[in-house]
Structure formats: structure tokens, C-alpha cells
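Protein chains in written order, with my numbering: chain A, 483 to 732; chain B, 229 to 451.
All C-beta atoms in this analysis are idealised placements derived from N, C-alpha and C, irrespective of residue type, glycine included.
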Amino acid sequence: MMMRVLWSLVGLELKRYWLNPLRIVLSLAQPLMYLFILGAGLAGGTYALDSSYQAYIYPGIVAMALMFAAASAAVGVVHDRQVGVFKALLVSPLPRSTLALARILSGAALALVQSVLLLPFAPLLGMAFSPLLLLEFLLAMTLCALVFSALGLVMALPFRSVMVFPVVSNTLTLPMFLLSGALYPLELAPRWLQLLARANPAAYAVDLLRGVQSGRFLYGLTNALGALLLIGFLAVGWVVRSLHGRSGQV
Amino acid sequence: MDAVSIAGVYLRRGRRLVLTDANLRIVEGGLCALVGANGAGKSTLLALLATMLQPDRGSIRILGLDARREAAGIRRQLGVVFQESALEPRLTVWDNLLLIACCYGYSGAAARSRCTTQLAAAGWESRAGQAVETLSGGQRRQLELMRASLAEPRLLLLDEPTQGLDDAASAAFWRQIAIQRQQGATVLFSTHRQQEAEAAEQCVRLQEGQLLPVQLSGRGEAA
């Protein structure tokens with residue numbers, strides 16, 4: 483019963499985003515510019531390793547697309563607080579954990595849909611996905627989407643204004659992206675940057691996606707997976723706890 | 229049994245003491261008006277009764293349940309219309325109802341059936357697919373009440389429900405409330421309209437943190 487309620491809520495959440503399909507298409511612009519403009523511009527640089535630079539940054543750009551889309555989906559919570567819908571949800575008997583889960587799942591689904599649109603561009607960069615590799619890559623993307631969606635809610639819940647939150651969100655996600663190793667090999671970066679990256683959830687997402695795609699991990703499959711699961715678990719816990727204590731602050 | 233029982237309640241919000249030894253009893257099935265100056269704390273009191281806040285001291289029992297320990301049980305029997313609109317403007321009338329039906333544990337055919345019943349009762353079948361942002365203020369208020377009463381609540385909390393409505397829309401709103409009362413719902417509403425307060429069976433004024441009974445001249449005539 484609870485699962486059906488959960489899926490109904492997720493469906494309604496997604497419907498709100500579907501009302502503006504142009505937004506989903508336009509969200510492709512930024513990652514494609516990184517891949518085809520920045521990537522082409524730096525293709526002759528030193529980071530190509532044994533593949534092209536564009537192929538090298540591809541998993542990182544997918545991680546970026548997931549992270550920014552999840553943060554964008556989290557604006558929905560701020561919107562709901564601003565228009566008052568959140569209050570209506572909080573005075574209903576819906577368990578806070580179900581509400582949190584519905585939000586995380588819908589944010590993750592949205593991020594995943596937007597990022598999957600990047601997959602058809604992989605062959606243009608000389609990358610080939612076997613069916614098994616594609617499945618593994620999609621599973622890795624799903625985990626990253628869930629973690630980023632939960633982190634997006636952690637960032638969004640303290641805010642009431644859709645004017646303020648996107649600025650804050652961008653201020654937080656941009657350094658996460660730049661410190662993730664999406665655009666350069668972290669192993670060649672200065673020590674201080676490597677240390678900062680270790681505290682950055684996006685670095686583990688990039689490592690997982692790049693590792694699955696190329697077979698070369700920086701932190702190792704177990705460490706990347708473990709770190710993402712731990713971060714995701716903590717973020718979900720924080721969101722549920724925050725919703726429990728949020729009733730009077732709507 | 230009392231639908232609402234507040235005894236010796238204190239509530240502080242920031243530096244301000246909103247309630248100081250507040251006491252109130254509303255019998256089940258009753259219609260109670262809550263009046264008071266702007267900023268007196270009427271919305272805060274309603275939020276307290278809606279289990280969105282917890283008192284610093286004192287006891288609140290709603291429909292026999294303790295508001296501190298049995299909040300989930302209370303919420304199942306509660307319908308709330310907030311002072312400000314709490315609808316998703318981009319979604320349709322139908323989807324706004326469906327969203328809350330899901331929150332009350334209805335899903336699939338049961339949720340659709342609840343929404344259809346509510347729309348039919350209000351004669352709103354033709355508006356089901358209309359986006360909320362295209363509704364007038366009065367229509368939104370009606371929809372809010374439809375949503376609040378979707379799960380057949382035993383207690384309705386209405387925060388200045390007719391604020392901004394003209395006389396006709398206001399009358400339509402109170403006709404819906406009368407239907408809810410016929411089905412046994414207790415209603416507590418805040419208002420600045422003298423006429424609405426006079427029409428209630430019970431009236432209390434929130435003043436300096438205390439709930440003071442107000443003598444009514446025309447008891448329960450309109451609602």
C-alpha cells in the first residue's frame with residue numbers, strides 16, 4: 483500500500499516537471515558545451531592519457547549533469563514551501579519518511595532522464611558501450627542520481643525563496659564540480675586539491691562513472707561505491723530528520 | 229467528547245509569548261469562531277492544533293488524542309484550510325486533489341474515487357482538468373475546502389477562510405461548511421468578519437496570549 487502511495491506521489495512530482503519539457507531539453511546545453519566546445523578546445527592538451535580528452539571527461543560531464551539536474555529538481559521543495567503546498571503535505575498523515583523518499587526518488591528520476599539524454603552522444607566522441615557496460619553505467623548513474631537528489635534536498639530544505647536557493651545551490655555545486663576531477667585527473671592535481679576532493683561527494687561519483695566506463699578507478703570501485711552509499715545514507719537520514727522537525731517552520 | 233481541549237498551554241515563538249495559560253474546549257460537532265487583532269497569534273494557534281507546532285507547556289487533546297504523542301492519528305482526522313493558498317498552481321484541480329488523496333493513504337482507484345466524489349459534490353466535474361492558476365480567488369478557496377474535506381475529517385481548521393472573497397463566494401463557502409457539519413465535522417475558524425463570528429455557536433478572542441470567551445448575540449444562525 484505504502485509503495486503505491488509512494489509511486490503515486492513520485493508520478494505527480496514528475497508530472498510537474500513534465501509540464502515544462504523545454505527545460506529538460508535546454509538542460510542538455512551546458513554538458514554538451516563542456517563536451518564539444520571545452521572538450522574540443524583542450525583535446526590537444528596533456529590530459530588525454532590513452533583516450534581522447536573528450537572521451538576522458540565524458541563520465542565527469544555525465545556526473546555534472548546528474549548533480550546539476552538533481553539540484554535543480556530540489557528547487558521544487560523550495561517552490562512548494564513558497565506556494566504553501568508543503569504545509570498541506572505536512573498536516574496530512576503521510577509519514578515524513580515517505581515524503582522524503584518521494585522527493586528523493588522524483589529528483590533522482592528527473593536527473594537520470596536528463597542525463598540519459600547524453601548517452602547517444604558517446605559514439606560521437608569515439609566511445610562504444612556494450613549492452614553490459616551500458617547497464618553497469620546506468621546503474622552507476624542511478625546511484626549517483628539518488629545521492630545527488632538527497633544532497634539537493636539537504637541544501638534546499640532550509641530555504642523558502644526560489645529567488646535565493648538557486649544562487650546558493652550554484653555556489654555550492656560549482657566548486658563540487660570543479661573539485662570532482664571531472665575535467666582533469668585528480669592524481670595529477672596538487673596535494674591540497676586532492677585532499678579537498680576526498681571530502682567531495684562528486685569526486686566519488688565521477689570516479690565511479692569513469693571507473694565503470696574505462697575500468698580505471700582513482701579510489702577503487704569499493705571505495706567509490708562505499709563513499710557514495712554512506713553519503714547517500716547520511717543525506718537521506720538528514721532529510722527525514724529535518725522534515726520531522728520542520729513542521730513549525732513552513 | 230470534546231473535539232478540541234486546550235489546557236494551560238504556553239507557547240513562545242522567538243522572543244514573543246504567543247500563548248500564556250490558554251484554555252479552550254470545543255464540543256464535537258461544534259462551530260467555533262476565533263477572533264483577535266492582526267498578529268494576535270490566531271494562525272499560530274491553528275498551527276498548534278494542526279500538530280505543526282508543539283506547545284512549550286500544557287496539554288492539547290484533539291478528538292481524544294494527545295497532540296504531542298499521537299500527532300499522526302490526529303492528522304488522519306484533520307482537514308486544514310490555510311490563510312494563504314496552499315495549492316500547486318501549475319497542476320490541475322484534479323491533480324491537486326489527487327496529491328492530497330495520496331497523502332491520506334488512498335491510491336489507484338480509491339484515490340480517483342475520492343476525488344471524483346468531491347468534485348461531483350461541488351458540481352466541479354467540468355473543472356477537473358483546469359489548471360489551478362486559472363481559477364479565481366473564490367474558486368481556489370472552494371478547492372482548498374474540497375481538498376481539506378477529502379478524507380472526511382472530523383475536525384476542520386480554517387484560517388480566515390473567506391479572506392478576499394466577495395459575499396457570494398463567501399456564502400458558497402459557508403454552504404460547503406454546512407454540509408461538512410451535517411456529516412459531523414467540528415469546525416474551528418479564524419475570522420475578522422463580525423458577521424461570521426456572530427453566526428458561530430461559540431466564539432473566543434485571542435488577546436495577549438489568552439483565549440477569552442466572547443458573548444454572541446445571534447447564536448449559530450447562518451452556519
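Consider the Cβ of A330(B): report whether some Cβ of chain A lies at a distance smaller than 9 Å. For the purposes of this step, residue 330(B) is taken as the residue at position 102 of the second sequence. First, the residue type needs correcting, since residue 330(B) is Cys and not Ala in the sequence shown. Judged by the 9 Å Cβ criterion, C330(B) is in contact with chain A.
Could you compute how far the alpha carbon of L733(A) sits from the alpha carbon of S341(B)? Any answer about residue 733(A) is impossible in this case: the structure gives chain A only from 483 up to 732.
Short of 8 Å in beta carbon distance, which residues of its chain neighbour A522(A), apart from the five on each side in sequence? Order them along the chain. The residue labelled residue 522(A) in the question sits at position 40 within the first sequence. The residues are Q536.
Mark L571(A) as exposed unless 16 or more other C-beta atoms lie within 10 angstroms of its C-beta, in which case mark it buried. Here residue 571(A) corresponds to residue number 89 of the first sequence, with the count starting at 1. Flag for L571(A) reads buried.
Check whether chain A comes within 9 Å of E316(B), counting only Cβ atoms and requiring the distance to be less than that. On the second sequence, position 88 is the one that residue 316(B) refers to. E316(B) counts as touching chain A.
Would the region 404-416 of chain B and the region 357-377 of chain B be scored as touching if the rule is three or more Cβ pairs under 8 Å? yes
With a cut-off of 8 Å on the beta carbons, I'd call Y686(A) and A709(A) a contact; round off their distance for me. For this step, residue 686(A) is matched to residue 204 along the first sequence. For this step, residue 709(A) is matched to residue 227 along the first sequence. Confirmed, about 4 Å.
Can you name, in chain order, every residue of its own chain whose Cβ lies under 8 Å from the Cβ of V650(A), other than the five neighbours on each side? Numbered from its first residue, the first sequence carries residue 650(A) at position 168. Once the five neighbours on either side are set aside, the close Cβ partners of V650(A) are M637, F641.
Within 9 Å of any Cβ in chain A, is that where the Cβ of Y238(B) sits? In the second sequence, the residue the question calls residue 238(B) occupies position 10. Cβ-Cβ to chain A under 9 Å: no for Y238(B).
Using a beta-carbon distance below 9 Å, is R723(A) in contact with chain B? Here residue 723(A) refers to the residue found at position 241 of the first sequence. Output row for R723(A): interface = no.
Looking at Q676(A): is its Cβ nearer than 9 Å to the Cβ of L668(A)? For the purposes of this step, residue 676(A) is identified with residue 194 of the first sequence, where counting begins at 1. For the purposes of this step, residue 668(A) is identified with residue 186 of the first sequence, where counting begins at 1. By the CB criterion at 9 Å, Q676(A) and L668(A) fall inside the cutoff.
Taking a cut of 7 Å between CB atoms, which residues from the region 560-580 of chain A lie near chain B? V565, G566, V567, K569, A570, L571, L572, V573, S574, P575, L576
To which residues does DSSP link T414(B) through a beta bridge? As a working mapping, residue 414(B) is identified with position 186 in the second sequence. Per DSSP, L383(B).
Neighbourhood of H726(A) by C-beta distance below 8 Å, restricted to the same chain and skipping five residues each side: The residue labelled residue 726(A) in the question sits at position 244 within the first sequence. Excluding residues within five positions, the ones whose Cβ falls inside 8 Å are R578.
Neighbour list for R486(A) in chain B, Cβ cutoff strictly below 7 Å: For the purposes of this step, residue 486(A) is identified with residue 4 of the first sequence, where counting begins at 1. By Cβ distance, chain B contributes S335, G336.
Return the first residue and the last residue of the beta strand (DSSP E) that L371(B) is part of. Counted from its first residue, the second sequence places residue 371(B) at position 143. Run containing L371(B): none in the beta strand (DSSP E); it sits in the alpha helix (DSSP H), 365-376.
What whole-angstrom Cβ distance do E387(B) and V309(B) have, given they're in contact under 8 Å? In the second sequence, the residue the question calls residue 387(B) occupies position 159. In the second sequence, the residue the question calls residue 309(B) occupies position 81. Note that residue 387(B) is Asp in the sequence shown, not Glu. So it is a contact: roughly 6 Å between Cβ atoms.
Quick check: is the beta carbon of R498(A) nearer than 9 Å to any beta carbon in chain B? In the first sequence, counting from the first residue as 1, residue 498(A) sits at position 16. True, the Cβ-Cβ gap to chain B drops below 9 Å.
Mind checking who G269(B) pairs with in its DSSP beta bridge? Counting from one through the second sequence, the residue named residue 269(B) turns up at place 41. As DSSP reads the structure, G269(B) sits in no beta bridge.
Could you please give me the residues that DSSP links to D294(B) through a beta bridge? Walking along the second sequence from the start, residue 294(B) turns up at place 66. D294(B) is bridged to R289(B).
Consider the Cβ of S490(A): report whether some Cβ of chain B lies at a distance smaller than 9 Å. Here residue 490(A) refers to the residue found at position 8 of the first sequence. True, the Cβ-Cβ gap to chain B drops below 9 Å.
If contacts are defined as beta-carbon pairs under 8 Å, then R498(A) and E316(B) qualify, I think. What distance do you get, rounded to the angstrom? Within the first sequence, numbered from 1, the residue matching residue 498(A) stands at position 16. Within the second sequence, numbered from 1, the residue matching residue 316(B) stands at position 88. The pair is a contact, with the Cβ atoms about 7 Å apart (cut-off 8 Å).
Sequence-distant residues of its chain with Cβ nearer than 6 Å to G307(B) (five each side left out): For the purposes of this step, residue 307(B) is taken as residue 79 along the second sequence, with counting starting at 1. If the five residues before and after G307(B) are omitted, its C-beta is found closer than 6 Å to the C-beta atoms of A376, S377, P381, L384, all from its own chain and listed in chain order.
Name, please, each residue of chain A whose Cβ falls closer than 7 Å to the Cβ of F417(B). What you label residue 417(B) is simply residue 189 of the second sequence in a count that begins at 1. The premise fails here: F417(B) is roughly 16 Å from chain A at the closest Cβ pair, so nothing lies under 7 Å.
Contact check, S509(A) vs L607(A), beta carbons under 9 Å: Along the first sequence, one-based indexing puts residue 509(A) at 27. Along the first sequence, one-based indexing puts residue 607(A) at 125. No, the Cβ-Cβ distance between S509(A) and L607(A) is not below 9 Å.
Anticipated Cβ contact below 8 Å, Q564(A) with S643(A), distance rounded: Taking the first sequence and counting its residues from 1, the one referred to as residue 564(A) is at position 82. Taking the first sequence and counting its residues from 1, the one referred to as residue 643(A) is at position 161. Right, their Cβ atoms sit about 6 Å apart.
Does N502(A) come out as helix, strand or coil in the three-state DSSP assignment? Along the first sequence, one-based indexing puts residue 502(A) at 20. N502(A) carries a coil assignment under DSSP once its states are collapsed to helix, strand and coil.
Give the range of the beta strand (DSSP E) segment to which T248(B) is assigned. For the purposes of this step, residue 248(B) is identified with residue 20 of the second sequence, where counting begins at 1. That run of the beta strand (DSSP E) goes 244-255.
For L245(B) and G264(B), what's the separation of their Cα atoms in angstroms? Within the second sequence, the letter at position 17 stands for residue 245(B). Within the second sequence, the letter at position 36 stands for residue 264(B). Cα to Cα, L245(B) sits roughly 15 Å from G264(B).
For chain B, find out if any of its Cβ atoms is closer than 9 Å to the Cβ of L504(A); answer yes or no. Position 22 of the first sequence holds residue 504(A). Cβ-Cβ to chain B under 9 Å: no for L504(A).
Can you pull the chain B neighbours of L501(A), defined as C-beta to C-beta under 7 Å? As a first step, residue 501(A) must be located in the first sequence, where it is residue number 19. Ordered by position in chain B, the residues that pass the 7 Å Cβ test against L501(A) are R318.
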